[in-house]
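K.L.:
Numbering (this note's numbering), first residue to last: 16 to 458.
Could you have a look at this structure, given as structure tokens, before my questions?
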């Protein structure tokens, strides 16, 4: 039987074995979804300690709860490994590894490249490789395919190559891995057919597009859409702030229009694994074609500058109200995660706020009910291991200012309002709770 037909038959009868490389916020929920669909699933992670924790039924990702993990392990539908040789047993291998930026804000594809090299070392005929990591159009063909074909096997003949971008939204209870429509495309008609057949058994809806580059462009467009609109509203915040106009009231009022408007809200900067990173993948790639993504670059400049604006505003308010220099002030940053009600700190603007305050002589101090201590981070290694302080009346009162960076629901805002000398609210956390005091400054 030809490799394509053999794999298609395995997918259709449920005997195909799946593998997910990278057991993070994207990979582990995806592995749970494929196991739930009845595919025996292998989770691969180079972190052996993480693989062992997962095999013992411990998950630190809310969208892949421990009870689901343990159920799939007990049923023999899932196990984790750090042994690359195990990948040869699998028929469908999905790559869910980070695609960060270099310090120069250029694409850093080292994780994709290393993963491709690992797969190439065990690649066999009849396998399908799917890249899910967000990246610029052309990555699958220009980066992944040549490395895999270095094995001596050919895409479209011996193995099948596809792209299907992840669309996870940590903390969003309205949508799950299986309920979010899945974009797919393959290197040729057979690869597209196989990818569509596989994901149709895993998720509720599959949308097949014409090419790998189109699929890659869909994902990056979704994230650029959000980045540009957040950049716009952050720019408007600065303008309206100078005019004495409340940007949050403006956006909420504009959102009552039932057509032609979608609300986006300002903040202290962008965080997460997508929006602060992905636009720069496209601006970098556009330069290869002699083009400048001007809207995208401008939005990036505005969003990157927001933490510095918040620190300047904090300094000005402390000086005006307390006649205290920033370097001698004690500041409590509330919220370390990049968005509310999650423990994810990737690219969090709160970390940048702590770094900027530290540069000005302020000792970093934060509280986050979901992040007990600062995890390892590429850009702020100095912060690793700093622990969250309790949110007590004493801690709050001793600070010159409390800076709200992330508006977790589990934070006691009434306690903060009662005891804080000054509150710098970058999320309108107090306004949404109808807490009004002259010590609260929206920034």
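Glycine included, every Cβ here is placed at the ideal spot set by N, Cα and C.
With DSSP as the reference, please indicate the residues paired to residue 388 in a beta bridge.
P.N.:
To locate residue 388, count along the chain shown from 1; it is residue 373. 402.
K.L.:
Is it true that the segment 321 to 329 meets the segment 393 to 412, where meeting means three or more beta-carbon pairs spaced less than 8 Å apart?
P.N.:
Judged by Cβ distances under 8 Å, the segment 321 to 329 makes no contact with the segment 393 to 412, as fewer than three pairs qualify.
K.L.:
Give the C-beta separation of residue 480 and residue 159 to the nearest angstrom, bearing in mind that I take them to be a contact with Cβ-Cβ under 8 Å.
P.N.:
The requested residue 480 is not part of the displayed model; the chain covers only 16 to 458.
K.L.:
Please classify residue 442 as buried or exposed, where buried requires at least 16 other C-beta atoms within 10 Å of its C-beta.
P.N.:
Residue 442 sits at position 427 when you count from the first residue of the chain shown. With 16 or more other Cβ atoms within 10 Å, it is buried.
K.L.:
Nearest to residue 394 by alpha carbon, out of 448, 360 and 382?
P.N.:
As a first step, residue 394 must be located in the chain shown, where it is residue number 379. Checking every option, the nearest Cα to that of residue 394 belongs to 360.
K.L.:
Note down the Cα distance separating residue 246 from residue 321, rounded to an integer number of angstroms.
P.N.:
Along the chain shown, read from residue 1 onward, the residue named residue 246 stands at position 231. Along the chain shown, read from residue 1 onward, the residue named residue 321 stands at position 306. Approximately 9 Å, taken between the alpha carbons.
K.L.:
Are the segment 175 to 195 and the segment 230 to 241 in contact at 8 Å, needing three or more beta carbon pairs?
P.N.:
Touching, yes, given that three or more Cβ pairs across the two stretches are closer than 8 Å.
K.L.:
Inspect the CB distances between the segment 73 to 93 and the segment 132 to 147 and report whether three or more fall short of 8 Å.
P.N.:
These segments do not touch.
K.L.:
In the DSSP assignment, what are the bridge partners of residue 452?
P.N.:
For the purposes of this step, residue 452 is identified with residue 437 of the chain shown, where counting begins at 1. According to DSSP, which records beta bridges pairwise, residue 452 is partnered with nothing at all.
K.L.:
Under the criterion of a Cβ to heavy atom distance below 7 Å, does residue 337 qualify as lining the ligand MG?
P.N.:
Absence of the ligand MG is noted for the structure shown, with no ligands found whatsoever.
K.L.:
Give the single residue among 113, 76 and 109 whose Cα lies nearest to the Cα of residue 362.
P.N.:
Start at 1 with the first residue of the chain shown, and residue 362 comes out as number 347. Among 113, 76 and 109, the Cα nearest to that of residue 362 is on 113.
K.L.:
Under the assumption that residue 311 contacts residue 298 (Cβ atoms under 8 Å), give the Cβ distance between them as a whole number of angstroms.
P.N.:
Within the chain shown, residue 311 is the residue found at index 296, counting from 1. Within the chain shown, residue 298 is the residue found at index 283, counting from 1. With 8 Å as the limit, residue 311 and residue 298 qualify as a contact, their Cβ atoms being about 5 Å apart.
K.L.:
Check the DSSP bridge columns for residue 175 and list the partner residues they point to.
P.N.:
On the chain shown, position 160 is the one that residue 175 refers to. Partner(s): 143.
K.L.:
Once you ignore the five residues that flank residue 105 on each side, which residues in its own chain have a CB closer than 8 Å to its CB?
P.N.:
Numbered from 1 along the chain shown, position 90 holds the residue referred to as residue 105. Around residue 105: 32, 33, 34, 57 and 142.
K.L.:
Checking 8 Å against the spacing of the C-beta atoms, do residue 377 and residue 347 come in under that value?
P.N.:
Along the chain shown, one-based indexing puts residue 377 at 362. Along the chain shown, one-based indexing puts residue 347 at 332. No, the pair does not count as a contact, with Cβ atoms beyond the cut-off.
K.L.:
Consult DSSP for residue 159 and reduce its assignment to one of helix, strand or coil.
P.N.:
Numbered from its first residue, the chain shown carries residue 159 at position 144. Correct three-state label for residue 159: helix.
K.L.:
Shortest alpha-carbon distance to residue 349 belongs to which of 424, 324, 186 and 296?
P.N.:
As a working mapping, residue 349 is identified with position 334 in the chain shown. When each option's Cα is compared against that of residue 349, the closest is 424.
K.L.:
To which residues of the same chain is residue 250 closer than 8 Å at the C-beta, ignoring the five residues directly before and after it?
P.N.:
Against the chain shown, residue 250 aligns to sequence position 235. So the qualifying residues of the chain are 317.
K.L.:
Spell out the partners DSSP gives residue 110 in its beta bridges.
P.N.:
The count along the chain shown starts at 1 and reaches residue 110 at position 95. Residue 110 is bridged to 36 and 146.
K.L.:
With distances taken Cα to Cα, identify the nearest neighbour of residue 404 among 381, 420, 418 and 412.
P.N.:
For the purposes of this step, residue 404 is identified with residue 389 of the chain shown, where counting begins at 1. Comparing Cα positions, the closest option is 381.
K.L.:
Should the segment 212 to 220 be regarded as contacting the segment 178 to 198, the criterion being three or more beta carbon pairs within less than 8 Å?
P.N.:
The segment 212 to 220 vs the segment 178 to 198: in contact.
K.L.:
List in chain order: all unbroken beta strand (DSSP E) runs of 3+ residues lying wholly within the segment 160 to 234.
P.N.:
The qualifying runs are 175 to 178, 197 to 201 and 221 to 223.
K.L.:
In the DSSP assignment, find the beta strand (DSSP E) that holds residue 93 and state where it starts and stops.
P.N.:
Along the chain shown, one-based indexing puts residue 93 at 78. Note, residue 93: beta strand (DSSP E), 93 to 96.
K.L.:
Bridge partners for residue 58 per DSSP, in chain order?
P.N.:
Taking the first residue of the chain shown as 1, we reach residue 58 at position 43. DSSP, once it has assigned bridges, lists 35 and 95 as partnering residue 58.
K.L.:
Straight-line CA distance for residue 295 to residue 125?
P.N.:
In the chain shown, counting from the first residue as 1, residue 295 sits at position 280. In the chain shown, counting from the first residue as 1, residue 125 sits at position 110. Their backbone Cα atoms lie some 16 Å apart in a straight line.
K.L.:
Buried or exposed for residue 59, going by 16 or more other Cβ atoms inside 10 Å?
P.N.:
Residue mapping note: residue 59 aligns to position 44 of the chain shown, counting from 1. Per the 10 Å Cβ criterion, buried.
K.L.:
So residue 38 and residue 95 are in contact, right, with Cβ under 8 Å, and what is the actual spacing, rounded?
P.N.:
In the chain shown, residue 38 corresponds to position 23, counting from 1. In the chain shown, residue 95 corresponds to position 80, counting from 1. 6 Å between Cβ atoms; contact.
K.L.:
Put residue 339 into one of helix, strand or coil per three-state DSSP.
P.N.:
Here residue 339 corresponds to residue number 324 of the chain shown, with the count starting at 1. Residue 339 falls in the coil class under three-state DSSP.
K.L.:
Can you name, in chain order, every residue of its own chain whose Cβ lies under 8 Å from the Cβ of residue 282, other than the five neighbours on each side?
P.N.:
Mapped onto the chain shown, residue 282 falls at position 267. Taken in chain order, the residues that qualify are 245, 249, 321, 364, 441 and 442.
K.L.:
So, for residue 241: in the same chain, excluding its five sequence neighbours on each side, which residues have a beta-carbon less than 7 Å away from its beta-carbon?
P.N.:
Looking up residue 241 in the chain shown gives position 226. Here the set comprises 290.
K.L.:
DSSP three-state label for residue 260, please.
P.N.:
What you label residue 260 is simply residue 245 of the chain shown in a count that begins at 1. Of the three classes helix, strand and coil, the one that applies to residue 260 here is coil, per DSSP.
K.L.:
Going by DSSP, what residue range makes up the alpha helix (DSSP H) through residue 127?
P.N.:
Your numbering for residue 127 matches position 112 in the chain shown. 125 to 135 is the span of the alpha helix (DSSP H), which, as asked, contains residue 127.
K.L.:
Run through the DSSP bridge pairs and tell me what residue 423 is partnered with.
P.N.:
Indexing the chain shown from 1 puts residue 423 at position 408. DSSP output for residue 423 lists no bridge partner at all.
K.L.:
Tell me residue 416's beta-bridge partners as DSSP assigns them.
P.N.:
Within the chain shown, numbered from 1, the residue matching residue 416 stands at position 401. Its beta-bridge partners are 346.
K.L.:
If you compare alpha carbons, which of 314, 458 and 413 is closest to residue 368?
P.N.:
The count along the chain shown starts at 1 and reaches residue 368 at position 353. Considering only alpha carbons, the answer is 458.
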